[in-house]
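Chemist:
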């Protein structure tokens, strides 16, 4: 267990994004705390170890993984500092060579997704359900692996693909009707988005909802917050400063800083996670924070 006296070094899992680059490359430093960036690349490969083994004292965590961790009593606390986020309307794709699909056409068919509880999947499924009327229970979700929490089991309409399967390739080959994919969506001229005119649809959705879907947020082990609230406040300062130093500025489509500014986005993640059987019971936005992190910003 990390010693928190003096100016401690925290085991930190944080990738280098535009908004975290100044933190990662040493332009943002502190006399109160040192961050040991000992997490794997990509950072999401460390999420399971974080919530199952307390492998890190601080770092980024997928919002869905954090909601599950909170629901199952894991000792982490949220800071009101999104690390990554984007529109997700473009993250469901299909191969037009096998016929055009409207969103509801995936009902009764097989759709690939790396893990059912993946954050990108939460958002695009919620969009398909609430914007396009898709009955998510009528889709068979073909997955490659477990979620990050040992306590969690996928819903009954999930099936496991053979180890080593490639969801993008299976979608291209017509073995899956569609696939929910983020950065790994094939750059292939045959691929179409399941959401019609996804870019315009995302802008329209944002105009109505005012939410940029959050992917990852910064969390700390609750022991850090209880024993060293000064360090938690310092971490917040460092994250905000790194964000201010983003080369070219923070992307125009990006979640804001602060609890109230993110309340609607976090509430939506909770609502959709409950609706999609990803968390076992309802959580409030405020219980994700403690007295220290809830008063930041």
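In the numbering used here, the protein residues as written are 243 to 539. Beta carbons are placed, not taken as given, at the ideal position from N, Cα and C, and that holds for glycine. Note that this is a predicted model, so its numbers are computed, not measured.
1. Nearest by alpha-carbon distance to residue 538: which of 277, 332, 457 and 319 is it?
2. Pick out the complete alpha helix (DSSP H) segments inside the region 285-332, 4 residues or longer, and give them in chain order.
3. Which full runs of the beta strand (DSSP E) of 3+ residues lie inside the region 435-522, going along the chain?
4. Take residue 347 and list the residues in its own chain whose beta-carbon comes closer than 8 Å to its own, dropping the five residues that flank it on each side.
5. Checking the sheet assignment: what are the DSSP bridge partners for residue 337?
6. State yes or no: is the C-beta of residue 281 within less than 9 Å of the C-beta of residue 268?
7. Considering only the alpha carbon of each residue, which of 355, 480 and 401 lies closest to residue 276?
8. Among all the DSSP beta bridges, which residues are the ones paired with residue 257?
9. Do residue 325 and residue 531 have their CB atoms nearer than 9 Å?
10. If you draw a straight line from the alpha carbon of residue 406 to that of residue 379, how long is it in whole angstroms?
11. Whose C-alpha, out of 316, 295, 369 and 462, is nearest the C-alpha of residue 454?
12. Would the beta-carbon of residue 402 fall within 9 Å of that of residue 414?
13. Counting only beta-carbon atoms, is residue 420 nearer than 9 Å to chain C?
14. Taking the alpha-carbon positions, what's the residue 328 to residue 382 distance?
15. Could you name the residues that DSSP lists as bridge partners for residue 352?
16. Are the beta-carbon atoms belonging to residue 473 and residue 274 less than 9 Å from one another?
17. Along the alpha helix (DSSP H) that carries residue 401, what are the first and last residues, could you check?
18. Tell me where the beta strand (DSSP E) around residue 422 begins and ends.
19. Contact between the region 502-520 and the region 301-317 is defined here as three or more beta-carbon pairs at a separation below 8 Å; is this criterion met?
20. For the beta strand (DSSP E) containing residue 364, list its first residue and its last residue.
21. What is the rounded straight-line gap between the Cα of residue 489 and the Cα of residue 496?
22. Which residues in the same chain have their Cβ closer than 7 Å to the Cβ of residue 293, if we skip the five residues on either side of it in sequence?
23. Beta-carbon separation of residue 409 and residue 436 under 9 Å?
24. Taking the C-alpha atoms as reference points, what is the distance between residue 295 and residue 270?
25. My guess is that residue 278 and residue 262 are in contact by the Cβ rule of under 8 Å, so how many angstroms apart are they, rounded?
26. For residue 457, which residues in the same chain have their Cβ closer than 6 Å to its Cβ, ignoring the five residues on either side in sequence?
27. Do you know how far the Cα of residue 388 is from the Cα of residue 289?
28. In chain order, what residues of the same chain have a beta carbon less than 6 Å from the beta carbon of residue 356, not counting five sequence neighbours either side?
29. Can you tell which of 374, 330, 351 and 395 has the C-alpha that lies nearest to the C-alpha of residue 363?
Modeler: Looking at the coordinates:
1. Taking the first residue of the chain shown as position 1, residue 538 is located at position 296. With distances taken between Cα atoms, residue 538 lies closest to 319.
2. Qualifying alpha helix (DSSP H) stretches, in chain order: 289-295 and 305-313.
3. For the region 435-522, whole beta strand (DSSP E) runs of length 3 or above, ordered along the chain, are 456-463.
4. Translated into the one-based positions of the chain shown, residue 347 becomes position 105. Excluding positions up to five away in sequence, the list reads 419.
5. Against the chain shown, residue 337 aligns to sequence position 95. According to DSSP, which records beta bridges pairwise, residue 337 is partnered with 433.
6. Translated into the one-based positions of the chain shown, residue 281 becomes position 39. Translated into the one-based positions of the chain shown, residue 268 becomes position 26. No, the Cβ-Cβ distance between residue 281 and residue 268 is not below 9 Å.
7. Walking along the chain shown from the start, residue 276 turns up at place 34. Nearest of 355, 480 and 401 to residue 276, Cα basis: 480.
8. Counted from its first residue, the chain shown places residue 257 at position 15. Per DSSP, none; premise fails for residue 257.
9. Locating residue 325 in the chain shown gives position 83, where the first residue counts as 1. Locating residue 531 in the chain shown gives position 289, where the first residue counts as 1. It is not a contact, given that the beta carbons lie outside the stated cut-off.
10. For the purposes of this step, residue 406 is identified with residue 164 of the chain shown, where counting begins at 1. For the purposes of this step, residue 379 is identified with residue 137 of the chain shown, where counting begins at 1. Across the structure, residue 406 and residue 379 are spaced so that their CA atoms are roughly 26 Å apart.
11. Taking the chain shown and counting its residues from 1, the one referred to as residue 454 is at position 212. Out of 316, 295, 369 and 462, 369 has the C-alpha closest to the C-alpha of residue 454.
12. Residue mapping note: residue 402 aligns to position 160 of the chain shown, counting from 1. Residue mapping note: residue 414 aligns to position 172 of the chain shown, counting from 1. Not in contact: residue 402 and residue 414 (Cβ atoms no closer than 9 Å).
13. Checking the listed chains, one finds no chain C in this structure; it contains a single protein chain.
14. Within the chain shown, the letter at position 86 stands for residue 328. Within the chain shown, the letter at position 140 stands for residue 382. Approximately 26 Å between the Cα atoms of the pair.
15. Along the chain shown, read from residue 1 onward, the residue named residue 352 stands at position 110. Partner residues in the beta bridge of residue 352, as assigned by DSSP, are 382.
16. On the chain shown, position 231 is the one that residue 473 refers to. On the chain shown, position 32 is the one that residue 274 refers to. Using a Cβ distance threshold of 9 Å, residue 473 and residue 274 count as a contacting pair.
17. Against the chain shown, residue 401 aligns to sequence position 159. Residue 401 -> not in any alpha helix (DSSP H); beta strand (DSSP E) instead, spanning 400-402.
18. The residue given as residue 422 occupies position 180 in the chain shown. According to the DSSP assignment, residue 422 belongs to the beta strand (DSSP E) that extends over 420-422.
19. Below 8 Å, enough C-beta pairs join the region 502-520 and the region 301-317 to call them touching: three or more.
20. Along the chain shown, one-based indexing puts residue 364 at 122. It is not in any beta strand (DSSP E) - residue 364 instead sits in the alpha helix (DSSP H) that spans 361-374.
21. In the chain shown, residue 489 corresponds to position 247, counting from 1. In the chain shown, residue 496 corresponds to position 254, counting from 1. Approximately 15 Å between the Cα atoms of the pair.
22. Here the question's residue 293 lines up with position 51 in the chain shown. Answer for residue 293: 307, 311, 316, 390 and 391, listed in chain order.
23. As a working mapping, residue 409 is identified with position 167 in the chain shown. As a working mapping, residue 436 is identified with position 194 in the chain shown. Against a cut-off of 9 Å, the Cβ pair of residue 436 and residue 409 comes out as no contact.
24. Numbered from 1 along the chain shown, position 53 holds the residue referred to as residue 295. Numbered from 1 along the chain shown, position 28 holds the residue referred to as residue 270. Here the C-alpha atom of residue 295 lies approximately 29 Å from the C-alpha atom of residue 270.
25. The residue labelled residue 278 in the question sits at position 36 within the chain shown. The residue labelled residue 262 in the question sits at position 20 within the chain shown. No, residue 278 and residue 262 are not in contact; Cβ-Cβ is about 15 Å, not under 8 Å.
26. Sequence index remark: in the chain shown, residue 457 carries index 215 (1-based). Closer than 6 Å at the Cβ level, and outside the excluded window around residue 457, lie 326, 327 and 361.
27. On the chain shown, residue 289 is found 47 positions in, with the first residue counted as 1. On the chain shown, residue 388 is found 146 positions in, with the first residue counted as 1. A straight-line Cα-Cα distance of about 12 Å links residue 289 and residue 388.
28. As a first step, residue 356 must be located in the chain shown, where it is residue number 114. Cβ neighbours of residue 356 beyond the five flanking positions: 386.
29. One-based indexing of the chain shown puts residue 363 at position 121. The option with the nearest alpha carbon to residue 363 is 330.
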